[in-house]
Amino acid sequence: MFEGLRYNPSEFAAAYIQTLPHAMKAEEFENDEAFEKYLDDRRSMYFHEYLKTLKYAYSFKKSNDGIVEE
């Protein structure tokens, strides 16, 4: 689905970090493992949504925009 889609990892990291204040807190989980799983699943979901959004945005790209897809 996202083959050849180019993205900047630091842009995703910056965007994702901004969502962390809205994440559930460690105290809301029974143990650290459950909290870590929640964070891993959350990050994975956000990354997938980030890629979907990039793909959508690239669909409006004009050839002279300077954005390159592989």
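Its first residue numbered 6, the sequence shown is counted upward by one per residue in the working numbering.
Note that beta-carbon positions come from the ideal geometry of N, C-alpha and C, so glycine has one too.
Note that the structure is a prediction, hence the values are computed from the model and not measured.
Check, Outcome
"Is it true that the CB of Tyr-43 sits closer than 7 Å to the CB of Tyr-21?", "no"
"Out of Lys-30, Lys-57, Glu-41, Glu-33, which one is the CA nearest neighbour of Glu-8?", "Lys-57"
"Evaluate Leu-25 with the Cβ neighbour count: other Cβ atoms within 10 Å of its Cβ, from every protein chain shown; 16 or more gives buried, anything less gives exposed.", "exposed"
"Would you decide whether Leu-59 is buried or exposed? Buried here means 16 or more other CB atoms lie within 10 Å of its CB.", "buried"
"Please list, in chain order, all residues of the same chain as His-53 whose beta carbon is under 6 Å from its beta carbon, the five residues on each side excluded.", "none"
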